[in-house]
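Chemist: Terminal number for the sequence shown in this note's numbering: 739, no gaps in between. Provided herewith is a single structure, encoded as structure tokens, for subsequent inquiry.
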Amino acid sequence: MDLIESHPILEFGHGRTVSFTFDGRAMEGFEGEPIAVALHANGVKVYRYSPEAHRPRGFFCAIGKCSSCFMVVDGVPNVRTCVTPLKEGMAVMTQHGRGSVPMQEKGGEQGA
């Protein structure tokens with residue numbers, strides 16, 4: 628992983644090492660750090676593709692205000708990965724275009 632190990636002014640620690648997947652590939656990061664940080668440390672620079680022009684998007688604002696870091700996390704689209712903490716076993720996927728959640732009808736059955 629590509630992370631700052633020490634800093635002359637700031638002190639910081641890391642959570643425990645956890646495993647997660649990105650587009651089916653096994654990766655490791657630190658529990659509690661933003662998903663986007665773990666991806667960046669593992670060399671991932673493209674997180675999604677824009678809806679109309681299909682342009683690559685990645686880590687941009689890092690404060691949850693833009694949509695550049697939207698990804699599909701554990702089957703849920705449009706997750707702001709720059710502010711969502713990493714947890715053991717997460718399945719993170721590149722998001723293509725606008726994410727959509729399947730509609731659920733009464734009784735929990737999936738509809739169109």
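Ideal placement from N, C-alpha and C gives every residue a C-beta, glycine not left out. Everything numeric in this text was worked out from a predicted model, so none of it was measured.
Taking Glu-660 as the reference, which of Pro-712, Glu-638, Gly-716 has the closest Cα?
Modeler: Glu-660 has its Cα closest to that of Pro-712, out of Pro-712, Glu-638, Gly-716.
Chemist: Between the Cα of Val-710 and the Cα atoms of Val-664, His-723, Asp-701, Val-673, which residue gives the shortest distance?
Modeler: Comparing Cα-Cα distances from Val-710 to each of Val-664, His-723, Asp-701, Val-673, the minimum goes to Val-664.
Chemist: Put His-723 into one of helix, strand or coil per three-state DSSP.
Modeler: If DSSP states are grouped into helix, strand and coil, His-723 belongs with the strands.
Chemist: Ordered along the chain, which non-local residues of its own chain (more than five positions away) have a Cβ less than 8 Å from that of Tyr-674?
Modeler: Cβ within range, chain order: Ala-663, Leu-666, Arg-684, Gly-685, Phe-686, Ser-695, Cys-696, Phe-697, Met-698, Thr-708, Thr-721, Gln-722.
Chemist: Name the residue from Glu-638, Val-719, Tyr-676, Gly-691 whose alpha carbon lies nearest to the alpha carbon of Ala-653.
Modeler: Taking only the C-alpha atoms, the option nearest Ala-653 is Val-719.
Chemist: Between Lys-672 and chain B, is any beta-carbon pair separated by less than 8 Å?
Modeler: Chain labels in this structure do not include chain B; a single protein chain is all it has.
Chemist: Within its chain, find whatever has a CB closer than 7 Å to the CB of Arg-725; leave out the 5 residues flanking it on each side and keep chain order.
Modeler: Contacts found: Pro-678.
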